[in-house]
Amino acid sequence: MQITSIRYEQFEDHHRVETVIGDRPLWFRMPGKPATDPQDASAFVIAALVPSMLLGEDLVVDDDYFVSQQLLTASEEIQTIYKVWNPIFKKISIIGRPGTSTSSLNRSAVFFSGGVDGTYTALTHLESIDDLILINGFDFTMESATWSEMVSKNTGFATSIDKRLLAVETNFKAFTASFSLARYANFGSVLACTGQLLGHNRVLLSGSDTYRLLRGIGCHPLLDPLWSTEATKTIHTGLEADRSKKLAIVSQSPAALANLWVCWEDPSYNCGHCSKCVRTAIGLKLNQVQTNIFREPVSIAAMSRSAIKSDEDLEYHLHFLHAARLQHDHELTSLLKRKVFRYKFRQFLKDVLEFYLPERGTQWIKNKRQSTDELCDISITPRFSDELTLRTAISRAAESRSRSSNEAIGSVYRIPKPGVSG
Amino acid sequence: MIEINSVSVEETDNYNELSGSVGDFRLWYRFPKHIIPEPRADAFLAACLIPAMCRGEAISIDENIPVSPLLLKNTEVIQDVFTLWGPYLHQTLRRVNVTGGYYSPAEHGNMANVAFYSGGVDGNYTYRKHQADLDYLLFAKGIDMQLSNDELYEEAFSRNQNYLSNRGTPLHSIETNVRFLGHQHQAGWNLCFGGGLSSIALAGGFSSCYIASGLTYAQLYPHGSNVITDPLWSNEHTRIIHDGAEKSRLEKIRHVMTDPQLRDVLRVCWQDVSYNCGKCEKCLRTMCSLRALDIETTTFPHCSDDILKNSIAKLRLYNEYDLDFLDENLEAAQKNGDARLVKTLKKVKREYKIRQILKNIDESFLGSALQKLRPPPD
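Protein chains in written order, with our numbering: chain D, 53 to 474; chain Y, -8 to 369.
Structure (structure tokens):
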């Protein structure tokens, strides 16, 4: 996999940086002027490392560019961790000229989308951060109207806490998906890459896990610091507080609470139905917060109906259960106990099937997964389907060598029409 | 309040001893003559932080004793971690204040790079991996076996030393009673041993000290020694390195046992009754691995079908990493076509899973009444 050219273009209110990694374009639109060295390919090495490991291809950076020595050194450990988590990721070599990353920007930032984790980090690091970074093309790919609304809303919140909002637009989500990589596999590196390009001294990545349970995931306290360069330090934060504690901090700020956006279903509002909305509603109820952030109020019955779907979700609910017990909230305690039990019982039934009907049972589980699981892409946790998914991704890539970089990603910037120079 | 005071270094004919009072416990570390400890509070702070959290008692360091600002800062994060891990570890761990001491970065000390070594799987793997960088290894009396068990310690030390001397690496004996500090505060060694081992490294003032990992990056379970918290026990001079999380236990056994001489040395047992008792969970688990890999040693009994039936089939697993170890052995046994081992391990796994679901029923519907009837495992 090669990184051969990195192209910067300056426009009236933003700049665009684009490269081609292998045969896939990766681009960013960022506010203002670039603060980093245009010969520095470190950000794109960060972007390309996980896909290169997946394909088992060495990463070659053209001699016109250099790669942060610090990053090159740390890449060994990054690869070791990925390989232990999922052997589908192979160790590769990065062939590039070592150098020292620099930046003219003396600011700190936190990645922020209005969710619980980012808002908690922003509120608990008010003294040490300058900017909030909001990305289109990370969680969601939004068209211009929705994206503009989101930027406007979050700019209001940033201003209320005396910070600046930086709107970044990228095709990173599509870039990741083109390798059949799940978003969870590399989302720490997506943020680290963005931070390197912006050139902040420090960028804070807000973890959703706590120290209580550290799952292998693409944004992780072991990995994130390793994406640092001499210019930009990436810091993983928020492990000390569970969802309920984070919501307790968030709910103390009316502006933050009004700005809260957690929904899986739609980037423009909180639906009140999806598992993330329901989970947040439980956390808010535990903190005795009355709020109208959900399009429809989340009832106790809805909280009960919403099933726990993963170990991650289970962990959130165990924290909630602990908090509900401490508060002697018998209604919520009973509800959460039932939900936890239902999840654990389903897991047990799966285990029983695997034990007593090893062939039919596992085949049934596989079939069930294929029909219901939307996240079949390769992630950190090994899956039976990984090899097949990888082969499919490689053959698909071979069939379509030239790829368009014109994904429909909305913009808040004044983008010249084709043929008109910036 | 736990007070750290009266820290001193005493040089005797046979060893140099760093000691100090931690509450009413006299904590000491004895090193060979060429290792000269500094009278700092760092080792004592690392040793007593988790026990203090178990008791919910603040720590006060005598104002005249130097203490590392870096370590003090890191104790905040260590406490963040362990307070969240408490429920999982069956222990109530509370945040405590650490006050006093004379802020002084640890800037000088021993320049040696060392690792702990007792002849086990993890220690051998780390030793093989970093052999070129290590100046010497440390075998701690009072950690892997009781301070009073001279005969067993001498035997293990002698075998380890012979093995290592053939490879050109010195092994030094050190002694400490740090393990008993936790016991005094009702804090099990499983909970305290990252801080405890680090305290030995801080006491010796080494440049770097490797602690061999027992778990992998994929097994980030709450545990006394782990890749998250171990580096945080460092001070400005002594770097604590948690090493080897990239390989599973079975992979490590396969790797280190390529050296035939290790077959006369390998020792994993904590039971203090013989070199390897061949009966405890750790011995039996290792014997399963050796059988699955078709490796014979002189330090373990052969893992016969009788042992499978009478001992391994009766094993009880207690937590996820026990299950991970078993799954690894199960996979290796399946690859090796060892039907008896597969059948035995499946039985142990099935019993664990059934106990887990009973535990879930107990927690969900009986208010953990059944669990309250049993003391938690250490």
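Note that beta-carbon positions come from the ideal geometry of N, C-alpha and C, so glycine has one too.
Asked	Found
Consider the Cβ of Asp65 (chain D): report whether some Cβ of chain Y lies at a distance smaller than 9 Å.	no
Sort out for me which residues DSSP pairs Val58 (chain Y) with in a bridge.	Y:Tyr94
Hey, is Asp294 (chain D)'s beta-carbon within less than 9 Å of any beta-carbon in chain Y?	yes
Compute the Euclidean distance between the alpha carbons of Asn181 (chain Y) and Glu166 (chain Y), then round it to the nearest angstrom.	19 Å
Do the region 223 to 238 of chain D and the region 75 to 92 of chain D touch if we need at least three Cβ pairs shorter than 8 Å?	yes
Quick one: what does DSSP say Glu146 (chain Y) is sitting in, helix, strand or coil?	helix
Could you give the residue range of the alpha helix (DSSP H) that holds Ile191 (chain Y)?	Trp180 to Gly195
Report the rounded CA-to-CA distance for Tyr116 (chain Y) versus Asn253 (chain D), giving the unit in angstroms.	38 Å
Give the single residue among D:Glu367, D:Leu338, D:Ala359 and D:Cys323 whose Cα lies nearest to the Cα of Pro349 (chain D).	D:Cys323
Which residue's Cα is closest to the Cα of Ile352 (chain D): D:Leu299, D:Leu370, D:Thr332 and D:Tyr368?	D:Thr332
At 7 Å on the CB atoms, spell out the chain D contacts of Thr207 (chain Y), in chain order.	Val136
Please list, in chain order, all residues of the same chain as Asp115 (chain D) whose beta carbon is under 7 Å from its beta carbon, the five residues on each side excluded.	Arg149
Quick check: is the beta carbon of Ile133 (chain D) nearer than 9 Å to any beta carbon in chain Y?	yes
For Val169 (chain Y), I'd like the list of residues in its chain whose CB is within less than 8 Å of its CB, leaving aside the five on either flank, ordered along the chain.	Leu18, Tyr20, Ala38, Gly133, Ile134, Gly187, Ser190 and Ile191
Pull the bridge partners of Asp183 (chain D) from the DSSP assignment, please.	D:Ala161 and D:Arg216
Contact between the region 23 to 34 of chain Y and the region 64 to 79 of chain Y: three or more CB pairs below 8 Å?	no
Does any residue of chain Y have a CB that is nearer than 9 Å to the CB of Thr424 (chain D)?	Reliability fails at Thr424 (chain D), whose pLDDT of 44 lies under 50, so the model's placement of it is uncertain and the value that follows must be treated cautiously. No, Thr424 (chain D) lies away from the interface with chain Y (no Cβ there is under 9 Å from its Cβ).
Should Pro436 (chain D) be labelled buried (16 or more other beta-carbon atoms within 10 Å of its own) or exposed?	First, the residue type needs correcting, since residue 436 (chain D) is Phe and not Pro in the sequence shown. The residue is exposed, with fewer than 16 neighbouring Cβ atoms inside 10 Å.
Are the Cβ atoms of Tyr194 (chain D) and Trp313 (chain D) separated by less than 9 Å?	Here residue 194 (chain D) is Met; the residue named in the question, Tyr, does not match the sequence. No, these two residues do not count as a Cβ contact at 9 Å.
Identify the residues that DSSP records as bridge partners of Asp234 (chain Y): which are they?	Y:Ala203
Restricting to Cα atoms, I'd like to know which of Y:Asn7, Y:Val264, Y:Arg258 and Y:Ile202 is closest to Met278 (chain Y).	Y:Arg258
By DSSP, does Glu426 (chain D) sit in helix, in strand, or in coil?	Its pLDDT being 44, under 50, Glu426 (chain D) is placed unreliably by the model, and nothing is read from it.
So with Cβ pairs under 9 Å, would you call Phe436 (chain D) a contact of chain Y?	no
I'd like to know whether the C-beta of His374 (chain D) is nearer than 9 Å to at least one C-beta of chain Y.	yes
Quick check on this structure: which residue in D:Phe372, D:Val69 and D:Pro90 has the alpha carbon closest to the alpha carbon of Pro83 (chain D)?	D:Val69
Measuring only between beta-carbons, confirm whether Asp404 (chain D) sits less than 9 Å from chain Y.	First, the amino acid is wrong: residue 404 (chain D) is Val here, not Asp. With 9 Å as the cut-off, Val404 (chain D) counts as an interface residue toward chain Y.
Could you work out which residue in D:Leu274, D:Cys329, D:Ile430 and D:Arg448 is closest to Val168 (chain D) when comparing CA atoms only?	D:Cys329
Do we get a CB-CB distance below 9 Å when we pair Gly268 (chain D) with the residues of chain Y?	yes
Shortest alpha-carbon distance to Lys396 (chain D) belongs to which of Y:Asn351, Y:Lys338, Y:Ile50 and Y:Phe148?	Y:Asn351
Under DSSP, the alpha helix (DSSP H) around Val0 (chain Y) begins and ends at which residues?	That residue, Val0 (chain Y), is in no alpha helix (DSSP H); its beta strand (DSSP E) goes Ile(-7) to Glu2.
Name the chain Y residues whose beta carbon is nearer than 8 Å to that of Phe141 (chain D)?	The premise fails here: Phe141 (chain D) is roughly 12 Å from chain Y at the closest Cβ pair, so nothing lies under 8 Å.
Can you give the beta carbon distance from Ser358 (chain D) to Ser327 (chain D), rounded, assuming they're within the 8 Å contact cut?	6 Å
How should Ile345 (chain D) be labelled, buried or exposed, when 16 other C-beta atoms within 10 angstroms of its C-beta is the threshold for buried?	buried
For Ile432 (chain D), I'd like the list of residues in its chain whose CB is within less than 6 Å of its CB, leaving aside the five on either flank, ordered along the chain.	Trp137, Asn138, Ala237, Gly268 and Ile269
Does Gly133 (chain Y) come out as helix, strand or coil in the three-state DSSP assignment?	coil
Taking only the alpha-carbon atoms, compute the straight-line gap between Ser12 (chain Y) and Asn104 (chain Y) and give it to the nearest angstrom.	28 Å
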